[in-house]
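Each remark here refers to the structure printed beneath this line.
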Amino acid sequence: MVIGMGVVTYLPRWLPLLFLSKRTLPHRIKEWLELIPVAILSALLVPELITTGAPRHLDLLRPEVAVAVPTILVAVKTRSLGGTVLAGMALYWLLDLC
Amino acid sequence: MMFNTERKFNASCSVLADAIRAAWPVCIAYLPIGLAFGVLAQKAGLTPFEIGLMSVLVFAGSAQFIAVSMISSQAGVIPVILTTFMVNLRHFLMSSSMALYLGRIGSGKLSLLAYGITDESFAVNMSRFYGGNWDADRSLGVNHIANLAWVISTVIGGYFGRLIPAGAFGMDYAMIAMFISLLVLQIRGRVFLVTAIISGGLAVMLSLIIPGNFYIVAASISAAVIGTLLRKRS
Chain W
1 MVIGMGVVTY
11 LPRWLPLLFL
21 SKRTLPHRIK
31 EWLELIPVAI
41 LSALLVPELI
51 TTGAPRHLDL
61 LRPEVAVAVP
71 TILVAVKTRS
81 LGGTVLAGMA
91 LYWLLDLC
Chain H
1 MMFNTERKFN
11 ASCSVLADAI
21 RAAWPVCIAY
31 LPIGLAFGVL
41 AQKAGLTPFE
51 IGLMSVLVFA
61 GSAQFIAVSM
71 ISSQAGVIPV
81 ILTTFMVNLR
91 HFLMSSSMAL
101 YLGRIGSGKL
111 SLLAYGITDE
121 SFAVNMSRFY
131 GGNWDADRSL
141 GVNHIANLAW
151 VISTVIGGYF
161 GRLIPAGAFG
171 MDYAMIAMFI
181 SLLVLQIRGR
191 VFLVTAIISG
201 GLAVMLSLII
211 PGNFYIVAAS
221 ISAAVIGTLL
231 RKRS
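Which chain is which? The protein sequence lines are W and H, in order. Residue numbering for the first sequence follows our numbering, starting at 1 and increasing by one per position. Residue numbering for the second sequence follows our numbering, starting at 1 and increasing by one per position.
This is the structure in structure tokens:
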């Protein structure tokens with residue numbers, strides 16, 4: 001089973017790299033692919049942040065949301081991944097202790 | 001000859017140093033999740049060896065969590081594999097997007113690079129590719145370091161996870177903070193910001209309606225299409 005899981009995980013990661021990297025893609029496709037990272041990150045992050053439970057429901061009053069505001073500011077100001085991660089953790093921890 | 005090998009050695013050192021500088025936040029974020037996964041997997045009846053094996057062969061956090069919860073509820077082999085496939089389809093998009101930056105690289109190296117594409121390593125590598133001064137070797141370094149951190153933390157979780165208090169040091173927030181930062185780093189102009197907002201909004205709406213995680217792929221594809229159309233207009 002684990003091997004099967006490995007194969008089906010690997011294939012979608014592998015095939016596009018193999019087939020697309022040596023090809024010149026049409027301009028529109030390139031533009032679309034350029035927007036994919038930002039779109040995926042947002043689609044991963046925002047529901048994780050403001051919804052909770054199963055089935056999911058909106059919850060804007062979670063401590064995660066409150067900490068997100070200063071964390072975003074740190075990210076914009078410093079543009080440092082490590083710094084933002086540490087700041088977010090510290091803020092969340094502080095809020096938890098309060 | 002000696003001079004040459006020495007130079008080669010120095011070059012690999014600088015590749016490794018760059019990769020470590022880029023990858024350490026990913027390792028911090030993987031630690032609590034890996035530990036949590038280890039605890040859960042151990043409760044589901046997996047041995048530390050099996051946990052390590054799954055982390056090496058699959059290397060996909062969310063898929064592994066879902067698989068373990070399915071194993072605990074006695075799901076069959078085929079449903080687990082199918083679900084893993086569905087959960088990881090988003091990497092198809094990531095791999096396609098990354099291909100733009102990997103021109104003339106041998107298939108062997110590409111295949112190795114593909115193994116390490118996760119949400120986190122992908123985003124870190126892409127933000128470096130935009131900055132220039134980044135290449136396949138450095139991406140490979142990031143992927144391998146992240147992979148190592150994942151395997152080690154899941155196995156440790158399997159052994160000792162229950163001894164670590166939940167929520168220590170705000171560890172549970174590491175992943176969210178990392179995604180916030182990565183998202184901010186990706187926004188390189190108005191169309192990127194608009195795409196992010198549309199994608200986030202769509203993802204929230206879809207996640208409330210459809211069960212499972214299909215909302216990730218659906219929202220990102222649609223938002224990127226809308227973004228591309230908007231870019232053509234302006």
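Every residue, glycine too, gets a C-beta built ideally from N, C-alpha and C.
Using a Cβ-Cβ cutoff of less than 7 Å, which residues in the same chain neighbour residue i once the five nearest sequence positions on both sides are dropped?
i, result
"Val74(W)", "Gly83, Thr84, Ala87"
"Ala68(W)", "Leu49"
"Pro55(W)", "none"
"Ala19(H)", "Arg138, Gly141, Val142, Ile145"
"Ala63(H)", "Thr84, Val87, Asn88"
"Met54(H)", "Gln64"
"Leu230(H)", "Val191, Val194"
"Leu202(H)", "Ala219, Ser222, Ala223"
"Lys8(H)", "none"
"Glu120(H)", "Val26, Ala29, Ala146, Met178"
"Tyr215(H)", "Ala203, Leu206, Ser207"
"Ala136(H)", "Leu102, Ile105, Lys109, Leu113"
How would you call residue i, buried or exposed, if buried means at least 16 neighbouring beta carbons within 10 angstroms?
i, result
"Asp59(W)", "exposed"
"Glu6(H)", "exposed"
"Cys27(H)", "buried"
"Ser263(H)", "The structure shown has nothing for residue 263(H), since chain H only spans 1 to 234."
"Pro211(H)", "exposed"
"Val155(H)", "buried"
"Gly45(H)", "exposed"
"Gly141(H)", "buried"
"Pro70(W)", "exposed"
"Ser207(H)", "buried"
"Gln74(H)", "exposed"
"Gly161(H)", "buried"
"Ala17(H)", "exposed"
"Ala168(H)", "exposed"
"Ser220(H)", "buried"
"Thr47(H)", "exposed"
"Gly157(H)", "buried"
"Tyr173(H)", "buried"
"Asn10(H)", "exposed"
"Gly106(H)", "exposed"
"Gly189(H)", "exposed"
"Ser153(H)", "buried"
"Arg237(H)", "Nothing can be reported for residue 237(H): it is not among the residues displayed for chain H, which extend from 1 to 234."
"Ser21(W)", "buried"
"Pro32(H)", "buried"
"Tyr159(H)", "exposed"
"Phe122(H)", "buried"
"Ser96(H)", "buried"
"Asn213(H)", "buried"
"Asn133(H)", "exposed"
Taking the DSSP output, what are the residues bridged to residue i?
i, result
"His57(W)", "Thr52(W)"
With a cut-off of 8 Å on the beta carbons, I'd call residue i and residue j a contact; round off their distance for me.
i, j, result
"Val58(H)", "Ala41(H)", "Val58(H) to Ala41(H), Cβ: 12 Å. No contact."
"Val87(H)", "Ile66(H)", "6 Å"
"Tyr92(W)", "Gly170(H)", "4 Å"
"Ile198(H)", "Ala223(H)", "4 Å"
"Gly200(H)", "Ala43(W)", "7 Å"
"Gly103(H)", "Asn147(H)", "The pair is not a contact, with the Cβ atoms about 24 Å apart (cut-off 8 Å)."
"Leu81(W)", "Pro25(H)", "4 Å"
"Ile187(H)", "Val38(W)", "6 Å"
"Leu113(H)", "Leu17(W)", "7 Å"
"Ile176(H)", "Leu35(H)", "Incorrect: roughly 17 Å between the Cβ atoms, too far for contact."
"Val77(H)", "Gly4(W)", "7 Å"
Beta-carbon within less than 8 Å of residue i's beta-carbon, same chain only, minus the 5 sequence neighbours each way: which residues are those?
i, result
"Leu45(W)", "none"
"Val80(H)", "Ala67, Met70, Ile71"
"Thr52(W)", "Asp59, Arg62"
"Pro47(W)", "Arg56"
"Leu93(H)", "Val217, Ser220, Ile221"
"Thr9(W)", "none"
Output needed for residue i: all residues of its chain with C-beta closer than 6 Å, excluding positions within five of it in sequence on either side, in chain order.
i, result
"Ala149(H)", "Cys27, Tyr30"
"Pro63(W)", "Leu95"
"Leu127(H)", "For the record, residue 127(H) in the displayed sequence is Ser; it is not Leu. Only Leu185 meet the Cβ criterion."
"Leu182(H)", "Ala123"
"Ala23(H)", "Val142, Ile145, Ala146"
Under 8 Å Cβ-Cβ, which residues of chain A neighbour residue i?
i, result
"Ala68(W)", "Absent from the structure is chain A; the protein chains it does hold are W and H."
Residue ranges of each alpha helix (DSSP H) run of no fewer than 4 residues wholly in the region 100-188 of chain H, ordered along the chain?
-> 107-115, 119-130, 136-160, 174-186, all fully within the region 100-188 of chain H.
Which runs of the alpha helix (DSSP H), 4 residues or longer, sit entirely within the region 35-105 of chain H?
-> Fully enclosed alpha helix (DSSP H) runs of no fewer than 4 residues occupy 48-57, 61-72, 77-88, 90-99 of the region 35-105 of chain H, in order along the chain.
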